[in-house]
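Undergrad:
Residue numbers (the working numbering): 4 to 376.
Here it is, written out as structure tokens:
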């Protein structure tokens with residue numbers, strides 16, 4: 004059964020020739036949350052929510068000021084309640100109102116083990132930012148931080164567990180493009196490098212697989228969010244750079260002829276055996292997963308202690324180098340700048356030092372409009 008909001012399009016006023024004589028009154032949709040004893044009605048795109056003024060005012064200084072104006076204005080009342088008109092997406096507003104009036108929905112810590120749908124993440128970020136509902140926005144940012152880490156150790160954990168097993172966000176492969184745009188819109192650029200890498204990994208899955216669908220170059224007739232051409236170009240170049248650095252840096256230890264202290268004739272042969280599959284001329288997603296995954300214990304087999312120590316050291320150093328380079332592959336600042344200026348820290352600092360009731364909207368470099376969800 005469709006929700007009241009989804010039925011809205013089917014309930015439009017009559018527009019035939021008789022409309023000039025007697026226009027019907029606008030038809031409004033009651034949508035959850037709707038509390039019979041609520042004391043304020045929020046209206047957006049002819050969708051109405053009846054909620055509690057005190058709860059919203061306690062969570063948002065923006066709502067508090069709006070309600071003060073509504074009480075002073077003494078405009079139209081509905082069911083004895085003032086009506087406050089908003090300009091938001093009704094579905095997104097409903098998600099946030101639900102969470103504010105029922106703390107069991109996405110707010111409590113025990114919800115952290117449940118994947119958050121992308122639609123709710125977007126709502127929490129957008130509505131949370133607009134109305135300065137900090138704890139709502141923080142919950143969404145925490146999910147992004149788990150899904151797209153900014154530290155090498157946590158990045159390794161993500162690759163080890165596999166993206167498909169992530170408990171942070173629930174989304175499809177096509178949603179990755181929306182996520183990138185949502186991250187840009189909310190100036191959380193610190194999570195972009197890993198989001199881009201996830202897109203690249205998804206796009207390199209076996210093209211011979213009938214179920215394979217390129218995120219960047221979809222087949223004709225396939226509807227999906229569109230990523231800016233500049234971002235697509237960056238992803239293509241980054242994938243080539245990463246695969247090249249795997250040969251020159253990450254697995255350079257397989258091309259080492261001699262390690263000081265090695266007394267085994269087997270190690271050189273073992274290196275040649277490992278190099279063949281690692282340097283496959285047709286790389287796929289599996290090769291990219293090597294980039295930030297943990298050392299594979301099978302790689303240590305048949306190596307002497309000196310060679311195994313050398314190999315692990317070279318692998319770890321190359322991983323750190325690649326991770327440090329990752330933001331620059333997508334024309335982003337270095338990790339330290341991203342963490343300081345383009346993360347939730349920046350948002351908190353703006354709030355702390357601003358004398359304004361509402362923060363100015365300053366879009367991040369390379370911002371692209373987000374496809375509606």
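The C-beta atom is built at its ideal place from N, Cα and C for all residues, glycine as well.
Leaving out the 5 sequence neighbours to the left and right, which residues in its chain are closer than 7 Å to residue 81 when beta-carbon positions are compared?
TA: 44, listed in sequence order.
Undergrad: Please classify residue 357: does DSSP put it in a helix, a strand, or coil?
TA: A caution first: residue 357 carries a pLDDT of 42, below 50, which makes its placement in the model unreliable, though a value can still be read off. It is coil, neither helix nor strand.
Undergrad: Can you tell me whether residue 81 is helix, strand or coil according to DSSP?
TA: Here residue 81 sits in strand by DSSP.
Undergrad: Have a look at 242, 235 and 294 and flag the residue whose alpha-carbon is nearest the alpha-carbon of residue 254.
TA: Checked all of 242, 235 and 294; the closest Cα to residue 254 is 294.
Undergrad: Nearest to residue 271 by alpha carbon, out of 299, 94 and 311?
TA: Residue 271 has its Cα closest to that of 311, out of 299, 94 and 311.
Undergrad: Contact defined as beta carbons within less than 8 Å: I believe residue 171 pairs with residue 118. What is the distance between those atoms, to the nearest angstrom?
TA: Rounded, the Cβ-Cβ distance is 7 Å, consistent with contact.
Undergrad: Could you compute how far the alpha carbon of residue 58 sits from the alpha carbon of residue 327?
TA: Each residue's Cα considered, the two are about 44 Å apart.
Undergrad: When you compare only the Cα positions, how much space is there between residue 316 and residue 156?
TA: Each residue's alpha carbon lies about 16 Å from the other.
Undergrad: If you compare alpha carbons, which of 189, 277, 67 and 265 is closest to residue 302?
TA: Residue 277 is the option with its Cα nearest to residue 302.
Undergrad: What's the call for residue 201, buried or exposed, on a 16-neighbour Cβ count within 10 Å?
TA: Flag for residue 201 reads buried.
Undergrad: Buried or exposed: residue 194, going by 16 or more other Cβ atoms within 10 Å of its Cβ?
TA: It is buried - the Cβ of residue 194 has at least 16 other Cβ atoms within 10 Å.
Undergrad: Give the DSSP-derived three-state secondary structure of residue 305 in the structure shown.
TA: Reduced to three states, the DSSP call for residue 305 is coil.
Undergrad: Just tell me which of 240, 238, 299 and 306 has its CA closest to the CA of residue 266.
TA: Checked all of 240, 238, 299 and 306; the closest Cα to residue 266 is 306.
Undergrad: With three or more beta-carbon pairs closer than 8 Å as the criterion, would you say the stretch 233 to 249 touches the stretch 257 to 265?
TA: The answer is no - the stretch 257 to 265 does not touch the stretch 233 to 249, with fewer than three Cβ pairs under 8 Å.
Undergrad: Please report the distance separating the alpha-carbon of residue 139 from that of residue 104.
TA: When rounded, the distance between both Cα atoms is 12 Å.
Undergrad: For the candidate residues 74, 260, 204 and 134, whose alpha-carbon lies nearest to that of residue 91?
TA: Cα-wise, what sits closest to residue 91 is 134.
Undergrad: State the beta-bridge partners of residue 52 as determined by DSSP.
TA: Looking at the DSSP assignment, residue 52 forms a beta bridge with 45.
Undergrad: Find out if the Cβ-Cβ distance for the pair residue 144, residue 347 is shorter than 7 Å.
TA: Contact flag set, yes.
Undergrad: When the distance is taken between beta carbons, is residue 36 closer than 7 Å to residue 89?
TA: Cβ atoms of residue 89 and residue 36: not closer than 7 Å.
Undergrad: Using the three-state DSSP reduction, which class does residue 34 fall into: helix, strand or coil?
TA: Reduced to three states, the DSSP call for residue 34 is strand.
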